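Numbering (our numbering), first residue to last: -4 to 165.
Virtual Cβ for every residue (Gly too), placed ideally from N, Cα, C.
These figures come from a predicted structure and were not determined experimentally.
The next block holds one structure in the form of structure tokens; read it before the comments.
Below you can see the structure in the form of structure tokens.
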């Protein structure tokens, strides 16, 4: 199985911390989407995994969300997303937009349920709030059966010093 694993696009970031370069940063983030699709085609990957924080927050303009969906609908392979702590799955979130459900190759995983993929199983660990001290991967059981198992989570690595551990993954 060949895949691209990516995260933390944070589309819609205002990038005020970079001053006048903010517009360049914002454009670069959206331009990266087409580069990811090019790489998927070039390397003949089977799927793309996006492990959270696709958007800066749930207040991102609906038009920008639609532009992202329109760009990704051109993907040669399925794309699987989980909500992260910047864009958690809550009522009214960017993941609630009906457009996500109108594109066959875009899969927003908002439940902690195994998902069958060719050659294996995907274990999505979507986030439902901005901060937590719970390990989002704790629901995944020890290996059963055959095939590749992929945990798709977003958080901090437990055991690495952090100012404030958030969603510690053991």
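Taking 8 Å as the cut-off, the Cβ atoms of residue 81 and residue 51 count as close. Of all C-beta pairs linking the region 89 to 102 to the region 64 to 75, three or more are shorter than 8 Å, placing the two stretches in contact. Distances from the CA of residue 148 to each of -4, 55, 78 were compared; the closest alpha carbon is that of 78. Secondary structure of residue 146 (DSSP, three-state): strand.
Counting of Cβ neighbours within 10 angstroms places residue 143 among the exposed residues, the total staying below 16. The distance from the Cβ of residue 41 to that of residue 113 is about 6 Å, consistent with a contact at the 8 Å cut-off. Short of 6 Å from the beta carbon of residue 0, and not among the five residues preceding or following it, lie these beta carbons of its own chain, in chain order: 44. Taken atom to atom, the span from the alpha-carbon of residue 48 to that of residue 141 is near 31 Å. Considering only 53, 117, 23, 115, the residue with the shortest C-alpha distance to residue 89 is 53.
Take the alpha-carbon of residue 31 and the one of residue 37: they are about 10 Å apart. An exposed status is given to residue 134, since fewer than 16 other beta-carbon atoms sit within 10 Å of its beta-carbon.
When DSSP states are grouped into helix, strand and coil, residue 25 belongs to the helix group. In this structure, DSSP gives residue 2 a state outside helix and strand, which the three-state scheme calls coil.
About 5 Å separates the CB atoms of residue 132 and residue 164; that is less than 8 Å, so the two are in contact. A Cβ-Cβ contact shorter than 8 Å links residue 145 with residue 118.
Note on geometry: alpha-carbon atoms of residue 93 and residue 64 lie some 11 Å from one another. Note: residue 119 is bridge-paired with 147 in the DSSP secondary-structure output. Rounded to the nearest whole angstrom, the CA to CA distance from residue 27 to residue 136 is 34 Å.
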